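The next block holds one structure in the form of structure tokens; read it before the comments.
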Amino acid sequence: MKPLHRNFILLLVMLLAAYLALILRPTHRIADDGPKVNLETMIPKQFGDWQEDKTIIPVQVSPDVKQQLDKLYSQILSRTYINSSGQRVMLSMSYGGNQGSDEMQVHRPEYCYVAQGFELKKISDEFLTVPPSKIAVRRLEATQGARVEPITYWITIGDKATLPGVSRKIAQLKYGLTGNVPDGMLVRVSSLSSDRNKAYQLQNIFINELLNAVTPTTKVKLTGKL
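Convert by adding 20 to the 1-based position in the sequence shown; the result is the number in the numbering used here.
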């Protein structure tokens, strides 16, 4: 094939790809359907054996990271809870009406904790039992000096709980092919403990008690359809 013909074919392919990307770009935002999300009212300040503890504030992000988050997420909720045994769990939730791009990953612990000077280790992906099913979660440990903070988190894309990586991209593509822009959340639970196994057990209890206390609609927002 002559170079001129080959270049012409490549140009046509590039133009066709650009055209398809334009006409197949999702335009309908799922967040515009149904009731609006209000994390402050959806998430109870007291449930089961837990109540809000305002004496400890979860890790706060730096001003530059916060500026990015404010652009990407419409709502961010951060609270600390304490039970009757004096055990504390920190809860952080971020909700965005557009989860169709990779920009939303800025609030993942792998990014925001490192930005605060933490070292991350012991990262693993597991399944957390949430009757009547399970959801995929990521566990990791953030350390800074004497502070050791085991973390559990997951992401929702539309009505599906997922994790960063291939499964997240597949969920995004499925929505994109239907012309819909999914909303979604990042849910993070953590506690201060040098015993990560006990910390994760406590976090499992906290997560399930929280999910049992919210409405069915809120539960779907937090975990996807189980």
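Just so it is clear, CB atoms sit at the ideal spot from N, CA and C, and this is done for glycine as well. None of the values given here were measured: they were computed from a predicted structure.
Using a threshold of 8 Å, state whether the C-beta atoms of residue i and residue j are closer than that.
i: glutamine 183; j: isoleucine 175; result: Note that residue 183 is leucine in the sequence shown here, rather than glutamine. Yes. Within cutoff.
i: glycine 116; j: alanine 181; result: no
i: valine 240; j: aspartate 179; result: yes
i: leucine 148; j: asparagine 224; result: yes
i: arginine 158; j: isoleucine 143; result: yes
i: tyrosine 131; j: phenylalanine 226; result: no
i: serine 105; j: valine 168; result: no
i: valine 134; j: glutamine 95; result: no
i: asparagine 103; j: aspartate 53; result: no
Tell me residue i's beta-bridge partners as DSSP assigns them.
i: glutamate 169; result: Ala162
i: alanine 156; result: Phe147
i: lysine 180; result: Ile177, Gly244
i: leucine 212; result: In DSSP, leucine 212 forms no bridge with anything.
i: phenylalanine 226; result: DSSP output for phenylalanine 226 lists no bridge partner at all.
i: isoleucine 96; result: Ser114
i: glycine 204; result: Gly116, Ile177
i: valine 109; result: Tyr101
For the putative contact between residue i and residue j, defined by C-beta atoms under 8 Å, what is the C-beta separation to the nearest angstrom?
i: methionine 62; j: valine 234; result: 7 Å
i: leucine 230; j: valine 150; result: Actually they do not touch by this definition, with Cβ atoms about 10 Å apart.
i: glutamine 66; j: glutamate 60; result: Incorrect: roughly 14 Å between the Cβ atoms, too far for contact.
i: threonine 163; j: glutamate 139; result: 5 Å
Q | Inter-stretch contact (C-beta, 8 Å, three-pair minimum) for the region 203-223 and the region 91-111 | A | Contact annotation: the region 203-223 touches the region 91-111, with at least three C-beta pairs closer than 8 Å.
**Q.** 4-residue-minimum alpha helix (DSSP H) runs that sit fully inside the region 52-79, ordered along the chain
**A.** Along the region 52-79, the alpha helix (DSSP H) occurs as fully enclosed runs of 4 or more residues at 59-62, listed in sequence order.
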